[in-house]
Amino acid sequence: MKHEKIIIIGAGPAGIAAAIQLQHFGFSPILFEKGDIGGLLRNAQSIQNFPGISYGISGIELIAIFKDHLEKKHIKIIKSYIEKIDFNNQFILFSDTETFTADRVIIATGTSPLSYSCANNKNVFYEVYPIRQVENKTIAIVGAGDAAFDYANTLLPKNKVIILNRSERIKANRTLYNEVMEKKKNLVYIKNVTIENIQTNESGSIRLILTNNESHEVDYVIAAIGRKPTMPEFTQKLQESKEYLQIKKKLLFIGDVKNNHFRQSSISIGEGVKAAMEMYDVLTENEEHACD
Ligand SMILES: Cc1cc2nc3c(=O)[nH]c(=O)nc-3n(C[C@H](O)[C@H](O)[C@H](O)COP(=O)(O)OP(=O)(O)OC[C@H]3O[C@@H](n4cnc5c(N)ncnc54)[C@H](O)[C@@H]3O)c2cc1C
């Protein structure tokens, strides 16, 4: 069993920021990532609110900058899924490949999509990332929040997009909403509607039967209906010690996994840096600086 001083689970903005800050302090954290580095950010079409970047950078471009930083700082990343964590004087992390032990763990695992009843079809997705480069397709997007409109913004005008809103309320921010509506040539917006049935045609396309009795033939569906925190399973023993371990800064939660609807990369990054500083304080509290 390999032992590590600090393990960070999740290489989205929160985990990346924590890893960089810890490395900067002279530690060697290990980042575990089950998928691609960058987390949810890879879906963002144009990030306009990232301090210092005024020109609107895409999630993919920002992640490339993060990756470069991780590489230059020689931060070790293990591509593996942490399924379960136990605690017995130290953390025991069960991944899909190996078991690790650690003194400290940072949970930066973000969110997973709310499951959608019609999603058992290979052309139904929860994020835009897998199809962000398609052209001349028809895509139905279920939802009317920031993610739904951001996905529409990514896919328009090269594709036809049908936004299906189950109510009249548009939760997306006004700037994003206006930006999408400006591309209205290829956009169909339908309110007060849900999908009643999805039929897959022999050609691979999908026929959507809507509750307003309309039917639409589409190539893909994206369900952008909300997200919930996601985490490895905690054993009973870890559950019981969780609060104490958090007080001792041995176990920290950062980013979207704990922030309800306050989900922004800058918040996750700030929390990553803060978690690293908290661990640094505890780990060095008995050390004296040479110049003291
Ligand atoms: C369409 C869209 C547009 C957005 N636009 C903006 C924007 O303009 N500005 C902005 O600031 N924010 C934006 N965001 C929000 C931003 O992407 C998130 O707030 C940010 O990515 C959260 O970072 P995180 O590190 O907390 O979580 P995540 O990015 O979700 O990263 C979590 C990581 O943990 C990994 N993971 C999860 N469980 C495990 C496990 N058990 N083992 C190993 N790895 C695991 C996941 O694979 C993932 O890579 C946008 C989001 C979306 C969807």
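Throughout the sequence shown, residue numbering follows the working numbering, covering 188 to 479 in sequence. Built from N, CA and C at the ideal position, the CB exists for glycine as well.
Just the C-alpha distance for residue i and residue j, rounded to the nearest angstrom, thanks.
| i | j | result |
| --- | --- | --- |
| I207 | S241 | 23 Å |
| S302 | V329 | 12 Å |
| T471 | A205 | 17 Å |
| I247 | F253 | 10 Å |
| Y376 | V460 | 41 Å |
| I454 | L397 | 38 Å |
| A251 | P238 | 17 Å |
| K370 | V348 | 10 Å |
| K189 | R229 | 31 Å |
| N323 | P317 | 16 Å |
| V315 | Y431 | 39 Å |
| L342 | N473 | 55 Å |
| Q426 | L351 | 40 Å |
| I224 | G199 | 6 Å |
| N481 | I326 | The question about residue 481 has no answer, for the chain in this structure spans 188 to 479. |
Nearest to residue i by CA position, among the options, is which residue?
| i | options | result |
| --- | --- | --- |
| Q423 | R356, Y316, F274 and G225 | F274 |
| P416 | Y268, T296, K370 and I224 | T296 |
| D333 | S304, N346, I265 and E366 | E366 |
| R319 | G213, K345, V292 and S304 | K345 |
| S215 | F449, K358, I203 and Y313 | I203 |
| A411 | A359, K372, K263 and Q433 | A359 |
| Q210 | Y313, S245, I262 and R450 | I262 |
| L480 | M466, K435, Y364 and I195 | Outside the shown range of the chain (188 to 479) lies residue 480, about which nothing can therefore be said. |
| D406 | S392, A198, F278 and S354 | S392 |
| L395 | N388, E389 and I382 | I382 |
Assuming residue i is part of the alpha helix (DSSP H), what are its boundary residues?
| i | result |
| --- | --- |
| F253 | G246 to K259 |
| D223 | Looking at the DSSP string, D223 is not in any alpha helix (DSSP H), and its letter there is neither H nor E. |
| Y467 | S452 to T471 |
| P200 | P200 to H211 |
| L363 | R361 to M368 |
Report all residues from its chain with a CB closer than 6 Å to the CB of residue i; omit the five preceding and five following residues, and keep chain order.
| i | result |
| --- | --- |
| L257 | none |
| S299 | T417 |
| A477 | Bear in mind that the predicted position of A477 carries a pLDDT of just 49, short of 50, making it unreliable; the figure below should be weighed with that in mind. Closer than 6 Å at the Cβ level, and outside the excluded window around A477, lies no residue. |
| T286 | M188 |
| Q235 | G243 |
| N399 | V380 |
Which same chain residues, not among the five before or five after residue i, have their C-beta less than 7 Å away from its C-beta?
| i | result |
| --- | --- |
| D283 | S267, Y268 and E270 |
| D479 | At D479, the pLDDT of 47 sits below 50, so the modelled position is not reliable; the number obtained from the coordinates is stated separately. The answer is none, since no qualifying residue turns up. |
What are the boundary residues of the beta strand (DSSP E) that includes residue i?
| i | result |
| --- | --- |
| Y268 | Taken as a continuous stretch (DSSP letters only), Y268 belongs to no beta strand (DSSP E), as it is neither H nor E. |
| Y338 | That residue, Y338, is in no beta strand (DSSP E); its alpha helix (DSSP H) goes D333 to L342. |
| K429 | Not the beta strand (DSSP E): K429 falls in the alpha helix (DSSP H), residues Q423 to I434. |
State the CB to CB distance for the pair residue i and residue j, rounded to an integer number of angstroms; the pair is presumed to be in contact (CB under 8 Å).
| i | j | result |
| --- | --- | --- |
| N310 | V408 | 7 Å |
Only counting the same chain, and skipping five residues up and downstream in sequence, which positions put a Cβ closer than 8 Å to that of residue i?
| i | result |
| --- | --- |
| S402 | R394, L395 and I396 |
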